[in-house]
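Reading through the structure tokens given below for one structure.
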Amino acid sequence: MSGKACTSGIILPTNSTTSIVSTFVVTGIPGLEAVHIWISIPFCAMFFITLVSNMTIMTVICKDQTLHVPMYLFLAMLAVSDLGLSLFTFPTMLGIFWLDARELTFSACFTQMFFIHTFQDFESAIILAMAFDRYVAISRPLHYSSILTNGVIARIGLAILVRTFTVQVPLPILLRTLCFCDSNVLSHSYCLHPDIIKLSCSNTRINSIFGLFVVLSTMGLDFLFILFSYVLILKTVLSIASYGGRLKALNTCISHICAVILFFTPMICLSILHRFGPKLPSCIYVTMANMHFLIPPVMNPVVYVAKTKQIRDKIQKLFTKRRPGESQVTFIT
């Protein structure tokens, strides 16, 4: 049978009007193309803040031995995740806004998709680990150091990496088996798995099922465990006799609660709107997707620095001369 060959080996009839595409085209913010250069200013500022703040937190925690405790080690992992997510989303967006660079090869698009979803899952798992850290700190304060040793933290980090790569590696491999015809315009400024498979003219049943499994088994499961952790934390807090003690215990969770809200709220709202909400302008969906991927890397370090005096003090010492006699004692708060 003669015809046009697709990358997946599918042969299309020669008289078919379907055309095979070899690149994808990413989009900016629909309806606002005329002001993309102005929109790029706040996005550029966000990217700069993300790079500086997360790298500063990573540097401070790595250099200061007194911060090598579970809470701050998890915070360093969160900073790594935020930095990775930003490096694979912001540059593509700024390229669209500044240079109108919209075309990506399959390899570039699949690579970007892999790393975006990998860091997304990694961040979800880190937030879950931080919820466990807060539970142990509140319910077992006297055994905190013996339960969450550096060895345990290392094993948690390794388990997160293994889980993330195990579920993410098959996604670009399965995408390579698909054929893409006619439309090649993606809905976002970066490549996402659900967005890519919508453009395929092949059977995407396996890709869709596996993609749904990945989301439910990672972020979906993580969110349920985080909620369960806070049920246990709330139960422990309510058992504390004094009002001041309950307030102090809850205060140690505020930064983490903010991280949970920043990461999961846009994703949940976007899913609800897609499935049950009214038909809205595409710019609304794009903006909410951007909030999910771009806001947490900017806000997480700001929240943790604002709420954690130890981090603020260490950052200040990093950029100023140490005064003689300063105490190096760090407390878990």
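Once you know that position 244 of the sequence shown is 245 in the numbering used here, the rest is easy, because the numbers rise by one and skip nothing. All C-beta atoms in this analysis are idealised placements derived from N, C-alpha and C, irrespective of residue type, glycine included. Please read these numbers as outputs of a predicted model, since none were measured by experiment.
Quiz item: In or out: glutamate 34 buried (at least 16 other Cβ within 10 Å) or exposed?
Solution: Numbered from its first residue, the sequence shown carries residue 34 at position 33. Taking all protein chains in view, the Cβ of glutamate 34 is surrounded by fewer than 16 other Cβ atoms within 10 Å, so the residue is classified as exposed.
Practice problem: Pick out whichever of Met289, Lys310, Trp39, Asp223 has its Cα sitting closest to the Cα of phenylalanine 123. | Solution: What you label residue 123 is simply residue 122 of the sequence shown in a count that begins at 1. Taking only the C-alpha atoms, the option nearest phenylalanine 123 is Asp223.
Exercise. Enumerate, from N- to C-terminal direction, the unbroken beta strand (DSSP E) stretches of 3 or more residues contained entirely within the segment 12–100.
Key: 12–14, 24–26
Self-check item: Alpha-carbon spacing of glycine 10 relative to asparagine 204, whole angstroms
Solution: Locating residue 10 in the sequence shown gives position 9, counting from the first residue. Locating residue 204 in the sequence shown gives position 203, counting from the first residue. Here the model assigns glycine 10 a pLDDT of 48, short of 50, so the residue's position is not dependable and the matter cannot be decided.
Quiz item: What do you reckon, are the CB atoms on phenylalanine 25 and asparagine 208 nearer than 8 angstroms?
Solution: If you number the sequence shown from 1, residue 25 lands on position 24. If you number the sequence shown from 1, residue 208 lands on position 207. Not in contact: phenylalanine 25 and asparagine 208 (Cβ atoms no closer than 8 angstroms).
Quiz prompt | Nearest-angstrom beta carbon gap, isoleucine 30 and isoleucine 40 [assumed within contact, 8 angstroms] | solution = The sequence position of residue 40 within the sequence shown is 39, counting from 1. The sequence position of residue 30 within the sequence shown is 29, counting from 1. Sure, about 6 angstroms apart at Cβ, within 8 angstroms.
Quiz prompt | Nonlocal neighbours in the same chain, by C-beta distance under 7 angstroms from arginine 206, ignoring five residues either side | solution = Along the sequence shown, one-based indexing puts residue 206 at 205. Correct list: empty, nothing qualifies.
Quiz prompt | Buried or exposed (CB count within 10 angstroms, at least 16 for buried), lysine 315 | solution = One-based indexing of the sequence shown puts residue 315 at position 314. Burial call: buried.
Quiz prompt | Local conformation of phenylalanine 332 per DSSP, three classes | solution = Position 331 of the sequence shown, counted from the first residue, corresponds to residue 332. Residue confidence is low: phenylalanine 332 scores 39 on pLDDT, short of 50, so the model does not pin down where it sits. Its coordinate-derived value is still stated next. DSSP places phenylalanine 332 in coil when its eight states are reduced to three.
Practice problem: Write down the C-beta distance between threonine 219 and serine 125 rounded to the nearest angstrom, noting that I regard them as a contact closer than 8 angstroms. | Solution: Counting from 1 along the sequence shown, the entry for residue 219 is found at position 218. Counting from 1 along the sequence shown, the entry for residue 125 is found at position 124. Confirmed, Cβ separation roughly 6 angstroms.
Quiz item: Roughly how many angstroms lie between the CA atoms of cysteine 270 and phenylalanine 75, to the nearest whole one?
Solution: Residue numbering aside, residue 270 sits at position 269 when the sequence shown is read from its first letter. Residue numbering aside, residue 75 sits at position 74 when the sequence shown is read from its first letter. Answer to the nearest angstrom: the Cα atoms are 27 angstroms apart.
Exercise. Only counting runs of 4 or more residues, tell me where the alpha helix (DSSP H) segments fall wholly within the segment 233–275, in order along the chain.
Key: 244–252
Exercise. Decide if the segment 188–204 is in contact with the segment 100–120; the criterion is three or more beta carbon pairs, one per stretch, under 8 angstroms apart.
Key: yes
Quiz item: Given a threshold of 16 other Cβ atoms within 10 Å of its Cβ, counted over all protein chains shown, does threonine 150 qualify as buried or as exposed?
Solution: Along the sequence shown, read from residue 1 onward, the residue named residue 150 stands at position 149. Its Cβ having fewer than 16 others within 10 Å, threonine 150 is exposed.
Quiz item: For threonine 93, is the classification buried or exposed, using 16 other Cβ atoms within 10 angstroms of its Cβ as the cut-off for buried?
Solution: Taking the sequence shown and counting its residues from 1, the one referred to as residue 93 is at position 92. Buried: at least 16 other Cβ atoms inside 10 Å.
Quiz prompt | Burial state of leucine 217, where buried means 16 or more other Cβ atoms lie within 10 Å | solution = Here residue 217 is taken as the residue at index 216 of the sequence shown, counted from 1. The residue in question, leucine 217, is exposed, as its Cβ has fewer than 16 Cβ neighbours within 10 Å.
Self-check item: Inter-residue Cα distance where the pair is asparagine 291 and arginine 177
Solution: For the purposes of this step, residue 291 is taken as the residue at position 290 of the sequence shown. For the purposes of this step, residue 177 is taken as the residue at position 176 of the sequence shown. C-alpha separation (whole angstroms): 26 angstroms.
Quiz item: So the alpha helix (DSSP H) leucine 172 belongs to, where does it begin and stop?
Solution: Against the sequence shown, residue 172 aligns to sequence position 171. That run of the alpha helix (DSSP H) goes 171–176.
Exercise. Please determine if the segment 130–144 and the segment 48–67 are in contact, where contact requires at least 3 C-beta pairs separated by less than 8 angstroms.
Key: The answer is no - the segment 48–67 does not touch the segment 130–144, with fewer than three Cβ pairs under 8 angstroms.
Quiz item: Is the beta carbon of alanine 242 within less than 7 angstroms of some heavy atom of the ligand SAH?
Solution: No copy of the ligand SAH occurs in the structure displayed, which carries no ligand at all.
Quiz item: Would the segment 82–100 and the segment 142–161 be scored as touching if the rule is three or more Cβ pairs under 8 angstroms?
Solution: With a cut-off of 8 angstroms, the segment 142–161 and the segment 82–100 do not count as touching, because too few Cβ pairs lie within range.
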